[in-house]
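Heads up: the sequence lines are chains H, P, U, Y, G and E, in that order.
Residue 46 in this note's numbering sits at position 46 of the first sequence, with consecutive numbering throughout.
Each number in this note's numbering comes from the position in the second sequence (counting from 1) with 379 added on.
Each number in this note's numbering comes from the position in the third sequence (counting from 1) with 758 added on.
Each number in this note's numbering comes from the position in the fourth sequence (counting from 1) with 1137 added on.
Each number in this note's numbering comes from the position in the fifth sequence (counting from 1) with 1223 added on.
Each number in this note's numbering comes from the position in the sixth sequence (counting from 1) with 1309 added on.
From the three backbone atoms N, C-alpha and C, an ideal C-beta is built for every residue, glycine too.
The structure under discussion appears below in the form of structure tokens.
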Amino acid sequence: MVELGLEPLWQSTGLANLEWGQALMMGVGCLLIYLAVVKKFEPLLLVPIGFGAILTNIPLAGIGGSEGILGYIYTIGIETGVFPLLIFMGVGALTDFGALIAMPWTLLLGAAAQFGIFVTLLGALALNYIPGFDFTLADASAIAIIGGADGPTAIFLASRLSPDLLGAIAVAAYSYMALVPIIQPPIMRLLTTETERNVVMQQLRHVTKLEKILFPFAVLLLCIVFLPSAAPLIGMLTFGNLLRECGVVERLSHASQNEIINIVTIFLGLAVGSKLSADKFLTIETLGILALGAFAFCIGTATGLIMGKIMYRVTGGKINPLIGAAGVSAVPMAARVVNKVGLETNHHNFLLMHAMGPNVAGVIGSAVAAGILLALVGG
Amino acid sequence: MVELGLEPLWQSTGLANLEWGQALMMGVGCLLIYLAVVKKFEPLLLVPIGFGAILTNIPLAGIGGSEGILGYIYTIGIETGVFPLLIFMGVGALTDFGALIAMPWTLLLGAAAQFGIFVTLLGALALNYIPGFDFTLADASAIAIIGGADGPTAIFLASRLSPDLLGAIAVAAYSYMALVPIIQPPIMRLLTTETERNVVMQQLRHVTKLEKILFPFAVLLLCIVFLPSAAPLIGMLTFGNLLRECGVVERLSHASQNEIINIVTIFLGLAVGSKLSADKFLTIETLGILALGAFAFCIGTATGLIMGKIMYRVTGGKINPLIGAAGVSAVPMAARVVNKVGLETNHHNFLLMHAMGPNVAGVIGSAVAAGILLALVGG
Amino acid sequence: MVELGLEPLWQSTGLANLEWGQALMMGVGCLLIYLAVVKKFEPLLLVPIGFGAILTNIPLAGIGGSEGILGYIYTIGIETGVFPLLIFMGVGALTDFGALIAMPWTLLLGAAAQFGIFVTLLGALALNYIPGFDFTLADASAIAIIGGADGPTAIFLASRLSPDLLGAIAVAAYSYMALVPIIQPPIMRLLTTETERNVVMQQLRHVTKLEKILFPFAVLLLCIVFLPSAAPLIGMLTFGNLLRECGVVERLSHASQNEIINIVTIFLGLAVGSKLSADKFLTIETLGILALGAFAFCIGTATGLIMGKIMYRVTGGKINPLIGAAGVSAVPMAARVVNKVGLETNHHNFLLMHAMGPNVAGVIGSAVAAGILLALVGG
Amino acid sequence: MPITDLLLSGVNLMAIGMGIVFTFLLVLVFTMKGMSKLALLVTQRQGGVEALSSQPSVGGREQVGIRGDLIAVITAAINRYRMTHS
Amino acid sequence: MPITDLLLSGVNLMAIGMGIVFTFLLVLVFTMKGMSKLALLVTQRQGGVEALSSQPSVGGREQVGIRGDLIAVITAAINRYRMTHS
Amino acid sequence: MPITDLLLSGVNLMAIGMGIVFTFLLVLVFTMKGMSKLALLVTQRQGGVEALSSQPSVGGREQVGIRGDLIAVITAAINRYRMTHS
Ligand code: NA
Ligand code: NA
Ligand code: NA
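This is the structure we're talking about:
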């Protein structure tokens, strides 16, 4: 017979079972949604992540558990690494590498900005001097990749090297990507002179269809030769880009750019959110990760700018060093910020297209960095 | 060497292996498709369910077995509960709760109509007095939810409480949802006076965007506090609705309303159909379930109307009691029926918008009822 | 501590680990992509297959292994047979069987062309006389189905009968389907006289909606009665076609024709490509398969044409025997080739619509042949 | 379990169930009323009521609106065309 | 299994296989002819032949039709515009 | 592992890591330059430069173009309509 007492009824309510940590994490979820909806912070990811955080912290329901829908999605999509790789395919299909092909030297800006990753790695290890922190080399590598300013790369690497920190790392990565318009401009103004910011770059040359088709093969070839551990990421990115550029598979290109990436984004977000459970997230380590993330973005921006200044010198003033800041990735936000800061100084100086080169170079750069960390730490 | 005799050849034909029960179930499948195509009975579900029933009853092919495509789909999508939850996400993304927000009191109509569920539960248990019936409390609960007039809720609950009855329950739920225009009007005319049906309700007030964004949080909050066992259903419903209303994730909202719900509907229907195998469906229990389903719809309609009459009295005639019939859910069919019966009495009385309030309230109401049954019976 | 020596670094490069076979297979992948992009050979399949071949042969990365993304996709989609069946559903939803319904006798052309399958089966077995070949009956059946000129059927059967040969079989099937405009015309000119090719066929009669709705049921009924082993293929094909023709499930029909088939095509192609690993593909058997595939296409075309000539005689010259060549399937390429060769002889003789009948009949014919092979060899 | 006990359990379930359903939805009524008041306050304080308030009617969606516009425009174009053509 | 036996099996398979393929498709021919007659009967009895019969030509789909209309309308609008503009 | 050793590993990682990143992207620079030259050669030899070269500007996609056309046409139709209507 079904028990009727008020006690068992009360015991099945959330009120009786809610722990303060869960309530707090639901608050964090609401905050992420607030930032996404009102402040327009990367809403495509932060709305599902925030809602996933709420759902996973509901007591008794077990939505994020091994028998819950978010648990299933996490196991199938994130633990296997499939979802971030499909996002990378979609990113490849959505990205026009034309600006990069027109100015291959801007790849160096994308390389320099990865310095943020490795400095942050040191920072994470140094945090171990503070009691309460105990980051392994794998943890530190997963945290450091936040400096790559590339969401799917961060999720992919964290799922491989440090699944327990995945929630905090993903939240930090997407939050700072959204904060790029606030973090970067002061650093840009600090490190460049007005003369430098004033540089008007010459118009980009035409890029032929053949170059665009060969480009993914060139990138993949180098990846195969030098760094096969980055091949899953680079492989799916270049596959998506080939679908886009080859011109004979419009149906598949469209599916990658729309259906697949949209569906995966919803599920990826929910599954990442399911890692924002109180016991995993409400730790001192999360604070460290958030601090290190901000640090990583600043360093990456700075080293990108410094490389920009070097190229400014070397080319005799043909390169506007501001575009170095776009090397951190955070596509296309960082390129837009460059454009905006450029316009502040010179109302006729549109740097958007020139900044797209280092911007997409940053994506390749952080995938390369992820491959290195996987090869040397993940083994 | 491959055997050439006519005997083994004959043994590999369907004709030699077809059991009468399988033939009958294929007939049932054809009937469902006929009703869907010619009579327009919930075609989006009944076409795949009917075809799934045909496929699963083909002798030797094993399409619905553990190595067949329908078997795989069932295991992945229904046993886990994932497909009905994704449908709920899509329903949330497709539903405008504005009418309900404008008239929150109509939630009570959605509450009253759930009476049909619990009366049917008693009915199912009482059937045990008839030899041949042996419904457990879990079976009875799964059958009773047919009275909720909500397909995915019924499938979700049946997959959890009584998987063997899932086929019959799903077929009954969708069939009666399609029969709403035939079942409801006589009851509506019987229980209301012409004066009552004549009531013209005042126009709905404006609903702000902010209210629409806050609404899913309000519903989810109560669900968390009072009834976490309903959180998977309510959680996905409100998530879908937030995607729709928040206005910053148009891509994801579109994917929920189209790609995801369409793909899942095809697979859900086929998988449900695969449960219409002769040995599971051709039992005396199925007849009982079909009878109880009709009973449940009638009771739910009646109690919704009675609550409508109470509100008519309490508000001094401002509420047209007909809209109470829409409280059974069956969105948007029940609301359309209310509109039609209202127009019969008064050619200028358009009740569609006012009936949408109790109609979507019924969805929430039956999800709540499902949560209660899960919490008290499913443990 | 992370090892710093140059030796371990070198050991993690692809250059140090690349075997010549892998390099060769990457070349094969590039060749397939070249044929797809430049020569427009079945690009929707050959681009993903080619790229999958490259990815799976990257040393160390293990993308096609049991923990890699292509390995997961293969296990879930091909080993289970789900992906080719979903493609068949999409093909059904995309195919208008009207031309076949208007001229049911053209089904015999689709039957005759399947002769290529069974002759090839003998050919594959006869190859065993050559040292190095050791095809079982199952292998030979899987190879023979290339003669069906239907990609998903070939993949489905190969995944069931001979998974090790799947890569070579799929590549051969799609390559020769793309080569139809080169393979078929000489055979067509050789086997038909100019008088025969000059035959102008009368316009097709109207086909009612009801006939189009009943057609899938008729095909499925025969499949159930005579050949249940073909039911997965025929069942999904007719299901897709019913979604298309029934007219009440526009959403589901659209999803089958677009989202589902596009997404599955990408994944199917990548997963098939992952079977193009050096150790599986670079064998003498692959050469045999490629030779047999060309052979199969020629025989199928010839027997289709001969049946066309018989029908030309029997009908007193009303049937243009050229349309027999379309009986091999390869929809819609073969029908277009018929049209082109017809126009060469008579500039006003448009055979496209008449060739669509045997063309889609060929799809049914090879699904039937696949069912027979499954029933007699697959047991 | 004897049928009588089952039925008793059923009656209990009904009592609890309808009780919770009504309680839940009744509390939701008041929550929604509170929420609407809050929303009104927030919206008013932000001044730009128009910016945040949705369409007057409850049903319509943007897409529909756009399609509606498109159809209106095309209809106008057709009429215009026919008028000047004849 | 010796190759000769394999080949014998293959010949058997071919005989059975082509037999079934032809039987199957031949029966399908007659089934379809029956089906078409049935459909004609049903359609005629329902009177509204036009309502149920599909487009005359075999190929076209509704969507294409709609797009065709749209393009026609827009083309007309453009022409109209150019004509009156110049 | 003591923190000092961890930090040492980290420094090593940084050295190797930035080394590979720069090497990789620097080699990519030259690969791309070679690729572009190759593409130019191939394109020129094929004569039809125009056929293979993409749009002048880097950003635009076809779809956008089509939509842009549609909007332009409709705008024109509206203006025309308004002009003649008033
Ligand atoms: Na980056
Ligand atoms: Na309901
Ligand atoms: Na064929």
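Taking the alpha-carbon positions, what's the residue i to residue j distance?
| i | j | result |
| --- | --- | --- |
| Glu259(H) | Met784(U) | 29 Å |
| Gly1156(Y) | Phe618(P) | 26 Å |
| Gly787(U) | Val1030(U) | 12 Å |
| Val1022(U) | Ala142(H) | 32 Å |
| Val1234(G) | Pro1225(G) | 15 Å |
| Lys719(P) | Val742(P) | 21 Å |
| Ile689(P) | Ile678(P) | 16 Å |
| Lys318(H) | Gly71(H) | 52 Å |
| Asn359(H) | Ala111(H) | 11 Å |
| Gln1269(G) | Lys1260(G) | 14 Å |
| Leu55(H) | Ala158(H) | 22 Å |
Starting from residue i, trace the alpha helix (DSSP H) both ways and give me its first and last residue.
| i | result |
| --- | --- |
| Gln961(U) | Run containing Gln961(U): none; DSSP gives neither H nor E here. |
| Trp20(H) | 20-38 |
| Asn815(U) | No alpha helix (DSSP H) holds Asn815(U); DSSP gives it neither H nor E. |
| Thr1059(U) | 1042-1072 |
| Asn1020(U) | 1019-1031 |
| Lys340(H) | 333-345 |
| Phe350(H) | Phe350(H) -> no alpha helix (DSSP H), and no H or E assigned at all. |
Would you mind working out which of the options sits nearest residue i, comparing C-alpha positions?
| i | options | result |
| --- | --- | --- |
| Phe973(U) | Leu858(U), Thr814(U), Lys798(U) | Leu858(U) |
| Ala387(H) | Met307(H), Ala375(H), Ile319(H) | Summary: the structure shown does not reach residue 387(H), with chain H confined to residues 1 through 379, and so no result is reported for it. |
| Phe156(H) | Glu1043(U), Leu793(U), Ile827(U) | Ile827(U) |
| Gly269(H) | Ile169(H), Ser366(H), Ile372(H), Met103(H) | Ile169(H) |
| Leu287(H) | Leu252(H), Phe135(H), Ala361(H), Leu243(H) | Phe135(H) |
| Pro387(P) | Asp1228(G), Leu1236(G), Leu1229(G) | Leu1236(G) |
| Gly90(H) | Cys981(U), Pro801(U), Leu968(U), Ile1024(U) | Ile1024(U) |
| Phe676(P) | Asn725(P), Ala557(P), Val426(P), Leu622(P) | Ala557(P) |
| Asn1078(U) | Leu885(U), Val1096(U), Tyr887(U) | Val1096(U) |
| Ala380(H) | Phe97(H), Thr106(H), Leu233(H), Leu276(H) | Since the first residue of chain H shown is 1 and the last is 379, residue 380(H) is not available in this structure. |
| Ala1088(U) | Leu924(U), Ile836(U), Ile941(U), Gly772(U) | Ile941(U) |
| Leu569(P) | Asn436(P), Leu684(P), Pro560(P) | Leu684(P) |
| Phe1039(U) | Cys981(U), Val929(U), Glu954(U) | Val929(U) |
| Thr864(U) | Val1244(G), Val1265(G), Val1252(G), Leu1230(G) | Val1252(G) |
I need the DSSP call for residue i, collapsed to helix, strand or coil.
| i | result |
| --- | --- |
| Thr208(H) | strand |
| Asn359(H) | helix |
| His633(P) | helix |
| Val1234(G) | helix |
| Thr485(P) | helix |
| Gly757(P) | coil |
| Gly750(P) | helix |
| Val1007(U) | coil |
List, in chain order, every chain C residue whose beta-carbon is nearer than 8 Å to that of residue i.
| i | result |
| --- | --- |
| Thr13(H) | In summary, chain C is missing from the structure at hand, where the protein chains are H, P, U, Y, G and E. |
**Short-range partners of chain P found in the stretch 51-64 of chain H, where Cβ spacing is below 8 Å** = Phe51, Ile54, Leu55, Ile58, Pro59, Leu60, Ala61, Ile63
**Prompt:** Going along the chain, which residues of the stretch 619-646 of chain P sit with their C-beta nearer than 8 Å to a C-beta in chain H?
**Reply:** Leu621, Leu622, Cys625, Gly626, Val627, Val628, Arg630, Leu631, His633, Ala634, Ser635, Glu638, Ile639
**Request:** With 8 Å as the limit, tell me which residues of the stretch 66-84 of chain H have their beta carbon closer than that to any beta carbon of chain U; keep them in chain order.
**Result:** Thr80, Gly81, Val82
**Asked** Which residues, taken in chain order from the stretch 418-429 of chain P, show a beta carbon closer than 9 Å to some beta carbon of chain U?
**Response** Listed in sequence order: Lys419, Pro422, Leu423, Val426, Pro427.
**Item:** Where the stretch 765-795 of chain U meets chain H: residues whose CB sits under 8 Å from a CB there
**Value:** Ser770, Thr771, Gly772, Leu773, Asn775, Leu776, Met784, Cys788, Ile791, Ala794, Val795
**Contact residues within the stretch 956-975 of chain U, judged by C-beta distance below 8 Å to chain P** = Ile971, Phe975
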